[in-house]
Amino acid sequence: MHLISTKWALYLLSLSFAKCVFSLLWSKVKLLKQKPKENSQRGLKHQISREKNQNQANAEQMALKLNPITSQSQKLPYFALPPMASLRSPKFFMASTLRSGSKEVENVKKPFMPPREVHVQVTHSMPPQKIEIFKSLENWAEQNILVHLKPVEKCWQPQDFLPDPASDGFDEQVKELRERAKEIPDDYFVVLVGDMITEEALPTYQTMLNTLDGVLDETGASLTSWAIWTRAWTAEENRHGDLLNKYLYLSGRVDMRQIEKTIQYLIGSGMDPRTENSPYLGFIYTSFQERATFISHGNTARLAKEHGDFKLAQICGTIASDERRHETAYTKIVEKLFEIDPDGTVLAFADMMRKKISMPAHLMYDGRDDNLFDHFSAVAQRLGVYTAKDYADILEFLVERWKVKELTGLSADGRKAQDYVCGLPPRIRRLEERAQGRAKQAPSIPFSWIFDREVKL
47 MHLISTKWAL YLLSLSFAKC VFSLLWSKVK LLKQKPKENS QRGLKHQISR
97 EKNQNQANAE QMALKLNPIT SQSQKLPYFA LPPMASLRSP KFFMASTLRS
147 GSKEVENVKK PFMPPREVHV QVTHSMPPQK IEIFKSLENW AEQNILVHLK
197 PVEKCWQPQD FLPDPASDGF DEQVKELRER AKEIPDDYFV VLVGDMITEE
247 ALPTYQTMLN TLDGVLDETG ASLTSWAIWT RAWTAEENRH GDLLNKYLYL
297 SGRVDMRQIE KTIQYLIGSG MDPRTENSPY LGFIYTSFQE RATFISHGNT
347 ARLAKEHGDF KLAQICGTIA SDERRHETAY TKIVEKLFEI DPDGTVLAFA
397 DMMRKKISMP AHLMYDGRDD NLFDHFSAVA QRLGVYTAKD YADILEFLVE
447 RWKVKELTGL SADGRKAQDY VCGLPPRIRR LEERAQGRAK QAPSIPFSWI
497 FDREVKL
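In my numbering, the protein residues as written are 47 to 503.
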């Protein structure tokens, strides 16, 4: 019995010892497992800190690189007004200096925000009683504005100008198109792409028209003359981007993915025309913009012809013809406003010109270059597609078209506004001449739209 007790005591002692050893070993294993994790966390924190410091240094370095480029780009002429006024431009202006830096700028940018700061937003500045003016013009708009629309069955369609994918000769037609496109220089394609991107941002322009008090489409299918015009105008304009997009796709000369990104960025950014929900300001803006776009497409048609691509010249010329017809409608609306309310209309005209006409694509961005619109517009200016001179010419044309110099019975503020807009075209021309005299040799920069090939500004 004593022997059994002794054996049992030894057994319990050995079991307790084994348990202690196992416990010590398990603690060691847990410690070994934990250390790599802690080391990994410390390494990760150190790496994040190092990357944060590097990104901050890169951002500061990029700011130093971008500042001189920005001040230089302001000296370049562009679409909306002469560059010296820091304006932007027609429906159609990035200087990714170094591409590595550009990507860092892209990474820190907030998603879905415009590439540049927009103005302080002023809304609903038109006195409510003036909404009645536009309601009273319903019948007039039906008889005088809707007549500038074409029935769908009589409209051209993009397919009228493109290779027929259902025909046996499709491959040969595409080959011929690409052969013609080979003879066209890169700078022309930069301008054509910019024009196309602007046309493709059409949802923004319909949205803008539907912010105007008294003429907006309140239901999405309203039967007022104003709403019918906006929807039908949008439908006609929609063909422009479709046609240019398909031509550029078939040409093989451009980076379609970068172009598609730019379109998405632009539509997401919107536009900042500073029209304050006022149809007075809005229709003055569209009168100017449609004429600017007519001029731009007309000049791309002329250049395409010079480069030997008569089919492309026909495409651009046909689009220009549409823009001219739309311009006629918008200028008639403002002409009617001058007849009904000359004082209010001339004040709105002067207000819009003091703000400068910043054309719809001024928030253009491709994910790399915050100054893309400025650079695109500088190329357009150099090629003579749309220039500061054109801006002054359009203003002079509208002053004459609306007989602003002949207005009488104006208030004191109205007379000041009249003097301002009538004296503005020669002032713009003088400023442009001085700017050209001071202009330095323009740099060449890469455009992502043409696979980062460089084009002179």
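We treat Cβ as the ideally placed atom computed from N, Cα and C, and that holds for glycine.
Do the CB positions of residue i and residue j come within less than 8 Å of each other?
i, j, result
"TYR331", "THR339", "no"
"ALA424", "LEU503", "yes"
"ASP241", "THR346", "yes"
"ALA273", "ASP288", "no"
"GLU369", "HIS343", "yes"
"ASP415", "SER457", "no"
"LEU444", "SER333", "yes"
"PRO9", "VAL261", "Residue 9 lies beyond the residue range present for the chain, which begins at 47 and ends at 503; the question has no answer from this structure."
"PRO471", "LEU441", "yes"
"ASP387", "ILE177", "no"
"VAL501", "VAL236", "yes"
"ARG475", "ALA438", "yes"
"LYS375", "GLY298", "One detail in the question is off: residue 375 reads as Ala in this sequence, not Lys. Going by C-beta atoms, ALA375 is not nearer than 8 Å to GLY298."
"TYR466", "ILE341", "no"
Measure the C-alpha to C-alpha separation of residue i and residue j and round it to an integer number of angstroms.
i, j, result
"ILE365", "ARG285", "9 Å"
"TRP275", "GLU282", "10 Å"
"VAL164", "ILE191", "32 Å"
"ASN101", "LYS292", "Bear in mind that the predicted position of ASN101 carries a pLDDT of just 48, short of 50, making it unreliable; the figure below should be weighed with that in mind. One C-alpha to the other measures close to 40 Å."
"TRP495", "LEU223", "19 Å"
"ALA463", "GLY469", "10 Å"
"THR391", "MET159", "33 Å"
"TRP448", "GLU381", "6 Å"
"VAL193", "GLU373", "13 Å"
"PHE216", "LEU296", "11 Å"
"PHE395", "GLN310", "32 Å"
"ALA187", "GLN252", "18 Å"
"GLN360", "TYR234", "16 Å"
"TYR411", "ARG162", "9 Å"
"GLU229", "ARG371", "32 Å"
"ARG480", "ASP318", "28 Å"
"GLN482", "ASP232", "24 Å"
"LEU133", "GLN487", "Caution applies to LEU133, whose pLDDT of 39 falls short of 50 and renders its modelled position unreliable; the model cannot decide the point."
"HIS170", "GLN304", "37 Å"
"THR308", "GLU478", "30 Å"
"LEU327", "ILE379", "12 Å"
"ASP355", "GLN167", "44 Å"
"PHE384", "GLU336", "19 Å"
"ALA258", "MET172", "Checking the displayed sequence, the identity of residue 258 turns out to be Leu instead of Ala. Using only the alpha carbons, I get a separation of about 10 Å."
"THR265", "ALA485", "51 Å"
"GLY430", "GLN175", "44 Å"
"CYS201", "ALA278", "12 Å"
"GLN189", "PRO157", "45 Å"
"GLY89", "GLY413", "Legend: pLDDT at GLY89 = 49, less than 50; position of this residue unreliable, no value from coordinates given."
"SER271", "GLN219", "42 Å"
"ASN323", "PHE329", "11 Å"
Of the choices the options, whose alpha-carbon is the least far from that of residue i?
i, options, result
"GLY314", "GLY215, LEU409, PRO173", "LEU409"
"ALA426", "VAL239, ALA212, CYS201, MET317", "VAL239"
"LEU453", "MET302, LEU294, LEU393, ASP259", "LEU393"
"LEU358", "MET172, LEU294, TYR432", "LEU294"
"ASP498", "MET302, PRO157, ALA434, LEU429", "MET302"
"THR377", "GLY316, GLY363, CYS362, VAL450", "VAL450"
"ASP459", "CYS201, ASP397, ASN417, GLU446", "ASP397"
"PRO363", "GLU446, ASN417, ASN323, LEU290", "The sequence as given places Gly at residue 363; Pro does not occur at that position. Considering only alpha carbons, the answer is LEU290."
"GLY316", "PHE329, ALA267, ILE243, LEU269", "ILE243"
Closer than 7 Å: is that where the CB of residue i sits relative to any heavy atom of the ligand ATP?
i, result
"ASN345", "Absent from the structure shown: the ligand ATP. Ligands present: none."
| query | Counting pairs of beta carbons, one from the segment 197-207 and one from the segment 245-254, are three or more of them closer than 8 Å? | reply | Using a Cβ-Cβ distance cut-off of 8 Å, the segment 197-207 and the segment 245-254 are not in contact, since fewer than three pairs of beta carbons, one from each stretch, lie closer than that value.
| message | Three Cβ pairs or more, each shorter than 8 Å: is that satisfied between the segment 191-199 and the segment 340-354? | response | Cβ pair count under 8 Å is below three, so no.
| Counting pairs of beta carbons, one from the segment 482-499 and one from the segment 418-437, are three or more of them closer than 8 Å? | Result yes; three or more Cβ-Cβ pairs closer than 8 Å.
| task | Enumerate, from N- to C-terminal direction, the unbroken alpha helix (DSSP H) stretches of 4 or more residues contained entirely within the segment 204-288. | result | The DSSP assignment places 216-228, 232-246, 248-255 as complete runs of the alpha helix (DSSP H) inside the segment 204-288, in order along the chain (cut-off: 4 residues).
| query | Touch check for the segment 391-406 and the segment 175-183: three-plus C-beta pairs under 8 Å? | reply | No, the segment 391-406 is not in contact with the segment 175-183.
| What alpha helix (DSSP H) runs, 4 residues minimum, are completely inside the segment 377-457? | Taking only runs of at least 4 residues, the alpha helix (DSSP H) segments lying wholly in the segment 377-457 are 388-401, 418-429, 434-447.
| Considering only residues of the segment 304-366, which uninterrupted alpha helix (DSSP H) runs meet the minimum length of 4 residues and lie entirely inside it, listed in chain order? | Complete alpha helix (DSSP H) runs here, min 4: 325-352.
| said: If we require 4 or more residues per run, which alpha helix (DSSP H) segments fall completely within the segment 455-496? | reply: The segment 455-496 is shown to contain whole alpha helix (DSSP H) runs of 4 or more residues at 458-484, in chain order.
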